[in-house]
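Contents: one structure, followed by commentary.
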Amino acid sequence: MATRDRKPQPPRWLDSLLEHFCAPHLLEQVMGDLHERFYRRIEREGVARARRMYWREVLAYMRPSVFKRKATYRTKPYSADMFSNYFKVAFRNLLRKRVYSGINILGLSIGLACSFFILLWVTDETSYDRFHDNGDQLYQAWRHMTTGGQTYTMNSQPRGIADEMAVEFPEVEETVITYLDQQLVVTSGNNNYREAGGYVGEAFFQMFSFPFIHGDAKTALQGLTSAVITERTARKIFGDDWEHAVGRNITVDHNKEYAITGVVRDVPENSSIQFDILLPVEEYFAHNKNRAHWYYMAYGIYAKLREGTSLDAFNKKVGDIFNRHADANDHQIFLQPFEDIYLYSFYRDGKLVGGRIEYVRIFTGIAIFILLIACINFMNLATARSSQRAREIGVRKVIGAQRKALMTQFVTESIGLALIAFVLAFVLVVMLLPAFNYLTGKNLTLVNLNGTFLMSIIGIAVMVGVISGSYPALYLSSFKPVAVLRGTFRQGPGIADTFRKGLVVFQFALSVLLIVSTVVVYLQLDYMRTKELGLERENLLYVAREGALINRYDAIAEELITQPGIAGVTASGQNPLEVGNNTLDVGWNGKDPNNTQLFYIILAYNDFVKTMKMELVAGRDFSKLHADSMVYLINEETAKMIGGDVVGKILNVYGDNGPIVGVVKNFSMNSLYSPIEPVVIRLDLNSARNLYVRTKPGETQQALESLMTVYKKFNPGYPLTYTFLDQQFEMRYRSEQVTAKLVNIFAVIALFISCLGLFGLTSFTVEQRTKELGVRRVLGASVGGIVVLLSRDFLKLVFIGFMIAIPVTWYLTTQWLENFADRVEIGAGVFVIAGLAAVLIALTTVSWQCIKAAIANPVDCLKNE
Amino acid sequence: MRRSDLGEFEEIVLLAVAVFSPEAYSVVIADELEKQTGKTVTTGAVHAALQRLENKGMVTSQMGEATSERGGRRKRIFKVTVAGSRLLHEVRDVRNNLWSRIAPRTLPKIKTT
Chain A
1 MATRDRKPQP PRWLDSLLEH FCAPHLLEQV MGDLHERFYR RIEREGVARA RRMYWREVLA
61 YMRPSVFKRK ATYRTKPYSA DMFSNYFKVA FRNLLRKRVY SGINILGLSI GLACSFFILL
121 WVTDETSYDR FHDNGDQLYQ AWRHMTTGGQ TYTMNSQPRG IADEMAVEFP EVEETVITYL
181 DQQLVVTSGN NNYREAGGYV GEAFFQMFSF PFIHGDAKTA LQGLTSAVIT ERTARKIFGD
241 DWEHAVGRNI TVDHNKEYAI TGVVRDVPEN SSIQFDILLP VEEYFAHNKN RAHWYYMAYG
301 IYAKLREGTS LDAFNKKVGD IFNRHADAND HQIFLQPFED IYLYSFYRDG KLVGGRIEYV
361 RIFTGIAIFI LLIACINFMN LATARSSQRA REIGVRKVIG AQRKALMTQF VTESIGLALI
421 AFVLAFVLVV MLLPAFNYLT GKNLTLVNLN GTFLMSIIGI AVMVGVISGS YPALYLSSFK
481 PVAVLRGTFR QGPGIADTFR KGLVVFQFAL SVLLIVSTVV VYLQLDYMRT KELGLERENL
541 LYVAREGALI NRYDAIAEEL ITQPGIAGVT ASGQNPLEVG NNTLDVGWNG KDPNNTQLFY
601 IILAYNDFVK TMKMELVAGR DFSKLHADSM VYLINEETAK MIGGDVVGKI LNVYGDNGPI
661 VGVVKNFSMN SLYSPIEPVV IRLDLNSARN LYVRTKPGET QQALESLMTV YKKFNPGYPL
721 TYTFLDQQFE MRYRSEQVTA KLVNIFAVIA LFISCLGLFG LTSFTVEQRT KELGVRRVLG
781 ASVGGIVVLL SRDFLKLVFI GFMIAIPVTW YLTTQWLENF ADRVEIGAGV FVIAGLAAVL
841 IALTTVSWQC IKAAIANPVD CLKNE
Chain B
1001 MRRSDLGEFE EIVLLAVAVF SPEAYSVVIA DELEKQTGKT VTTGAVHAAL QRLENKGMVT
1061 SQMGEATSER GGRRKRIFKV TVAGSRLLHE VRDVRNNLWS RIAPRTLPKI KTT
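So the protein sequences, as listed, match chains A and B. In terms of the working numbering, the first sequence is residues 1 to 865. In terms of the working numbering, the second sequence is residues 1001 to 1113.
This is the structure:
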C-alpha cells in the first residue's frame, strides 16, 4: 500500500507488460501518456478509479500498430561481415584445439559415412521393382490356405486363376502366367548353354517394362515357337553376331526348336523377376496338359488392373475364385501390389507381418542412433569447453551482439564442422564402397546417383550440424557478460552439467544396446548354422535329372557309386531341407476323420536315407534289394500321429496304398523359422527330379571328376551344373548373415564414437584439473588414487547407461528371437559379458588419459606460478 | 476506400488536434473527448487514431518537452497539415450544405438542454 506522503504509482506489472510488448520507439510517449493520464485521473476521480481505469488504458494499447517494431530497430546479424568473422573465429578455434576438433570431425564423419552407406542400401532396397511403366496397376496373386487351424500364405498358383480372373472381372485388364526360375539347356549349333528363365504368358512384356533392343514387345511371345533372350545371353550364344540374333533358331532341352523373336536389355538387379530366356507358356502347357489342373499350384500369376480400381473392393470379389472353380472351401485368393512385394511378403496366420522392410527399419534406426551418438559428442565437447569461450561470448555481448546473433554464430560453426565431416565422410564412402558391396552382395555405385540422394545426404549433414549446434548455442549464448568478464565465471554443477551427464548415459546406453543385440543375433545365427539338422548337409550335391538321367537312372547310379570319391547316390524331387510340397491326402487305418494336418511329401528313390545321412529310428531304407514298388518312409512327427508300431502299417498317399518300411529321425525340413512338421517320403523315381550324390569327406575334387566323367559319358548334350546343399543353405539365410555382420560393424562403430566422446571429455577434465592433480601428487596422493578419482565419475555414467540398456535390450532381442522356431538359449551371462566388455572399453579409454595425468611430473604443471 | 477518408472518431480527433494546437497531444485530446462525450476515451484509442491520421498525412508530429507528471518522459505533439485542414474544411462544407437544405420542421423536434 502506498503511504500518504508517497506519490501513488500506477500498477507496476501492467507497466512491465507494456514494456515487453510495446515497440521501443513508441515506449517513451506511450508510457508518458499513460502516467500523465493516471495522475490527471487521480485529481479528477480519485486513486481507486484511476487504478481501475489504468488497465483499460493499457489494454487499449494492445494493438499491432503498437507492437510492431520499426524496421531500423532490428539488428541484422546476417550481414556478410559478421558471417566471415564467425568463420574466421571458428577456423581459429578449430586449429587451436586440434584434439577436440579431430574428435568431433572424426566422430561426425564416421557417423555420417555409416548413415550414407545405410541410405544407399535403403535406397537400393526400396528401388526394387519400381521401374515398370504401369507399376501402380500391377499386382501379384496370393492365396491363403487354411487347414488344421493354420493359415498358410503362398504365391504359387494354378493356371486357372489367371484365366478365370481375366474373364470374370472387368477390372482386370490383363493377367499373365509365369513359370520361372527354371534351368534350361539352350543349344545353338554344337554348343550347349544353361540359362535361367522359363515360360510366361503372351502379355508378359506388355505388363512388365523390360526394354527391347531388337524385336517387338507386343508380338514377341506370340505363337508356340518364339523365344526372347537377354542381351548377355545373346552375346554368349552368338558372340559378336548377337545383333542379328532375331530370327535365329535355338533348341531348348534337346527336344524343341524355337526362333528368337526378341532381345531385351539385361534384367536390372533391382528386379525380383529375373530371367535370361523366356518361352511361351502355352507351349509348356501343350506338353504338360495335366499341369493346368486346379490343384497344380506352381505358377506365379500377375494381374494388371484398370486405373482407379480399388484393391480392397476387388479382393473382396476375387476371394472365392479358387473355391468356386476347384470345389474347395479352404482357399482365399487376393492380390498384392507388385511394387510392395519385395519389401512386404512375410505372412503369419494370414496376416502380412513384414518382410525385408524390417531390415530397412532396423538399419534406418541404427543410422539415426549412430548420428545421434556423434551429435552428442559434439554437444558435450562444446559445452564442456564453454568456459574457454566464455570470454569471447562476453566481449561479443558487451559490444552489442544479441543472443540471436550468438546462436547463429554457434550453429554456423557446427554446420561448418558438419560440412567438413561430410566431405570426409564422402571420401570414406567412396573408398569403402567396394568392401560394403562385398559384404552385402549388392552392386551399389555412386555413379548414377540422383539429385534426391545427394540432396538428402547434404541435408542430413546440415541437420546434424543444426542438431549438434543447437544445444551449445542455447547454452553458450545464455552467459551473463558481467559474470564472465569479471573473471568469476565458473561452471558449477548446474543444469548444463547434469544434461551433459545425461547425454553420456544415453550415448552408452545406445552403444550397449547395439553391442548386446549384435551378440544375441550372432549367437542365434551361429546356432542355426551349426545346428543338427537331422541330416548331413556337407558333402552333398545334386544335379537336375535331364536327358539320359531320366531314363537310364539305374545304370548311371550303379556306375557312379563305383567311382572314386563317391559315397552314395539317390534321387529326390525335393531338397530335404526345403520341402515345399504338402498334401492333405495321407490316410491310414484309424485316422481321425477330423484330422486336417498337412503332410509334407518327398518323392525319392533307393538309398535315400543312407545318402542323406539321416538317422533311422525304426525299419529300413528304400533299397533295390527289396525290389520295392510302393513303399513309404515317415518322420517321427508322422509316426507320432499314426501311433503305435508303425513299421509295416499301410499308408495311403495320393490314393496309393503301400507299407511303411521305416521311420527317420526328425530333420529340419522346412525353414529354421518354422517348426518340424509331419513328413512322408514316397518311393517314386519318376517324380524324383534331382540326382543326389554324397561325396566322401575330403575327396570332393575326386568326386566331382568322377561325376563329370560319368555325366559326359551318358549325357553329352548337357552342360553339368551341380549345387552343393550346404552352400544353398548358406545362401538361403544370407540376408540374415549379412544383416548380422552389418549390425555388428555398426555396433562397434557406435561404441567407438562413444569412446571418442568419452576420450575428449576425460582429456578435457584432466586438462582443467592439472594444477589440482599436481598439488595432490605433491601432497602424497598415489597414482592409483588419482586414477580412481578421475575415472570414477565417468564410469558411474557408463555404468548407469549399461543398467538402462539391459532391460531394453532384453526386451528387443526376445521379440526378435520369437521369429525363430528354434531359439538359442540366451542367458544373463551374455548380457553381462557383452555389456561389461563395452564398459571395459570405456574404462580403458578413460583410464589411459587418467593414468597419463597421474604419472606426469607434478613439477611440470606447478612450476608456472 | 480512399486513403484520405476519415472515420468519425478520426475526424473528431483531428478537430481536437486543431483545438489544442500548438500543444495537442493524446492525453489532453483524450481528456477533452471524455469530457465532451461523457464516455471513457482511452489514450490508446486516441494514439491509434493519431497514428492513422499521421499515416494519411493529415497531421505531423514531433517530440515535445518532458514533464514531471510523465515521469520525465517526452510527449509527442501533433499539428494539422494543409491536407488535414483542407479535409476538415471540405467535411464542414458538405455538412453545412446539407444542413442548409433541410426544409423547416422536417426533423422531429427534440428537447435541447
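Each residue gets a CB set at the ideal place from its N, CA and C atoms; glycine is no exception.
Review point. Counting contacts by CB-CB distance shorter than 8 Å, is LEU34 of chain A in contact with chain B?
Key: LEU34 of chain A has a beta carbon lying within less than 8 Å of a beta carbon in chain B.
Review point. Grouping DSSP H, G and I as helix and E and B as strand, with all else coil, what is SER188 of chain A?
Key: Strand at SER188 of chain A.
Review point. Got a sec: which bits of the segment 1013 to 1047 of chain B sit with their beta carbon under 8 Å from any beta carbon on chain A, in order along the chain?
Key: Within the segment 1013 to 1047 of chain B, the residues whose Cβ lies closer than 8 Å to any Cβ of chain A are, in chain order, TYR1025, SER1026, VAL1027, ALA1030, ASP1031, THR1040, THR1042, THR1043, GLY1044, ALA1045, HIS1047.
Practice item. With 8 Å as the threshold, decide whether the Cβ of GLU1069 of chain B is near any Cβ in chain A. Key: GLU1069 of chain B belongs to the set of residues whose beta carbon lies under 8 Å from a beta carbon in chain A.
**Study point:** Proximal residues of chain B, C-beta to C-beta of GLU392 of chain A below 7 Å
**Key:** Simply none; closest approach about 38 Å.
Check your understanding: With respect to 7 Å, is the separation between the Cβ of PHE208 of chain A and the closest non-hydrogen atom of the ligand FMN below this value?
Key -> Of ligands this structure carries none, so the ligand FMN is not represented either.
Exercise for review: Counting only the same chain and skipping the five closest in sequence on each side, list residues whose C-beta sits under 8 Å from that of TYR1025 of chain B.
Suggested key: The answer, listed in chain order, is GLY1064, LYS1075, ARG1076, ILE1077, PHE1078.
Check your understanding: Under a three-way DSSP split, which group does MET154 of chain A fall into?
Key -> DSSP places MET154 of chain A within a strand segment (E or B) once states are collapsed to three.
**Study point:** Partners in chain A for LYS1079 of chain B, counting only beta-carbon separations shorter than 9 Å
**Key:** Proximity of chain A to LYS1079 of chain B at the Cβ level (cut-off 9 Å) is not reached, the minimal Cβ distance being about 15 Å.
Review point. Relative to the alpha-carbon of ARG396 of chain A, which residue among A:PRO481, A:VAL680, A:ILE161, A:THR611 has its alpha-carbon at the smallest distance?
Key: Residue A:PRO481 is the option with its Cα nearest to ARG396 of chain A.
Exercise for review: Note down, in chain order, all residues in the segment 55 to 69 of chain A with a beta-carbon under 7 Å from any beta-carbon belonging to chain B.
Suggested key: If the cut-off is 7 Å between Cβ atoms, the segment 55 to 69 of chain A has ARG56, GLU57, ALA60, TYR61, ARG63, SER65 near chain B.
Exercise for review: For the alpha helix (DSSP H) containing ASP33 of chain A, list its first residue and its last residue.
Suggested key: Per DSSP, the unbroken alpha helix (DSSP H) holding ASP33 of chain A starts and ends at 24 to 45.
Exercise for review: Give a yes or no on whether 8 Å exceeds the smallest Cβ distance from ARG12 of chain A to chain B.
Suggested key: Taking Cβ atoms only, chain B never reaches closer than 8 Å to ARG12 of chain A, which makes this a no.
Check your understanding: What are the boundary residues of the beta strand (DSSP E) that LEU305 of chain A is part of?
Key -> According to the DSSP assignment, LEU305 of chain A belongs to the beta strand (DSSP E) that extends over 300 to 305.
Practice item. May I have a chain-ordered list of the alpha helix (DSSP H) segments no shorter than 4 residues that lie completely inside the segment 371 to 438 of chain A? Key: Here the runs fully enclosed are 386 to 399.
Check your understanding: Using a C-beta cutoff of 8 Å, does VAL47 of chain A count as contacting chain B?
Key -> Not one chain B Cβ lies under 8 Å of VAL47 of chain A.
Review point. Are there 16 or more other CB atoms within 10 angstroms of the CB of ASP181 of chain A, so buried, or fewer, so exposed?
Key: Exposed, because fewer than 16 other Cβ atoms sit within 10 Å of the Cβ of ASP181 of chain A.
Review point. Taking buried to mean at least 16 other C-beta atoms within 10 Å of its own C-beta, is ASN443 of chain A buried or exposed?
Key: Residue burial is scored here from C-beta neighbours: ASN443 of chain A has fewer than 16 other C-beta atoms within 10 angstroms and is therefore classed as exposed.
Check your understanding: Taking C-alpha atoms, which residue in B:GLU1008, B:LEU1014, B:GLY1007, B:PHE1009 lies nearest to GLY1084 of chain B?
Key -> Residue B:LEU1014 is the option with its Cα nearest to GLY1084 of chain B.
Practice item. Compute the distance between the beta-carbons of GLY662 of chain A and LEU616 of chain A, then report whether it is under 8 Å. Key: With respect to the 8 Å criterion, GLY662 of chain A and LEU616 of chain A are classified as neighbours on the basis of their beta carbons.
Review point. Using CA coordinates, which residue listed in A:ASP124, A:GLU195, A:VAL122, A:VAL200 is at the minimum distance from ARG159 of chain A?
Key: Nearest C-alpha to ARG159 of chain A: A:VAL200.
Check your understanding: Could you give the C-beta distance for MET641 of chain A and GLY658 of chain A, rounded to a whole number, given that I count them as a contact under 8 Å?
Key -> The beta-carbon distance between MET641 of chain A and GLY658 of chain A, rounded to whole angstroms, is 17 Å. This is too long to meet the 8 Å contact definition.
Exercise for review: Give a yes or no on whether the minimum CB-CB distance between ARG40 of chain A and chain B is below 8 Å.
Suggested key: Put simply, the CB of ARG40 of chain A is near chain B, with a gap under 8 Å to one of its CB atoms.
Review point. Quick one: is TYR73 of chain A near chain B, going by C-beta distance under 8 Å?
Key: Annotation note: pLDDT 49 at TYR73 of chain A (below 50); position unreliable, no value reported.
Review point. Between VAL775 of chain A and chain B, is there a C-beta pair that is closer than 8 Å?
Key: No, because no Cβ of chain B sits closer than 8 Å to the Cβ of VAL775 of chain A.
**Study point:** Contact list for LYS1111 of chain B against chain A, beta-carbon separation under 8 Å
**Key:** Among the residues of chain A, none has a CB under 8 Å from the CB of LYS1111 of chain B; the nearest is roughly 29 Å distant.
Review point. Name the chain E residues that come within less than 8 Å of ARG1076 of chain B, Cβ to Cβ?
Key: No chain E is part of this structure, whose protein chains are labelled A and B.
Practice item. Under 8 Å Cβ to Cβ from GLY1072 of chain B, same chain only, skipping five residues before and after it: list those, please. Key: Closer than 8 Å at Cβ, skipping near neighbours: ALA1066.
Practice item. Check ASN539 of chain A in the structure and name its three-state DSSP category. Key: Three-state result, ASN539 of chain A: coil.
Check your understanding: Three or more beta-carbon pairs under 8 Å between the segment 1037 to 1049 of chain B and the segment 47 to 65 of chain A, yes or no?
Key -> Because the criterion of three Cβ pairs below 8 Å is met, the segment 1037 to 1049 of chain B and the segment 47 to 65 of chain A touch.
Review point. Whose CA, out of A:LEU812, A:VAL766, A:TRP810, A:GLY774, lies closest to the CA of SER791 of chain A?
Key: It is A:VAL766 whose Cα lies nearest to the Cα of SER791 of chain A.
Exercise for review: Leaving out five residues on either side along the sequence, give the residues of the same chain with a beta carbon under 6 Å from the beta carbon of GLY148 of chain A.
Suggested key: Result list for GLY148 of chain A: THR596, GLN597, in chain order.
Check your understanding: Below 8 Å, can you find three or more Cβ-Cβ pairs linking the segment 39 to 56 of chain A to the segment 4 to 18 of chain A?
Key -> Touching, per the Cβ criterion.
Check your understanding: Since TYR553 of chain A is in the alpha helix (DSSP H), which residue starts that stretch and which ends it?
Key -> Unbroken alpha helix (DSSP H) run through TYR553 of chain A: 553 to 561.
Exercise for review: Using a Cβ-Cβ cut-off of less than 9 Å, give me the residues of the segment 1080 to 1096 of chain B that come near chain A, in sequence order.
Suggested key: Shown here is that no member of the segment 1080 to 1096 of chain B has a Cβ falling below 9 Å from a Cβ of chain A.
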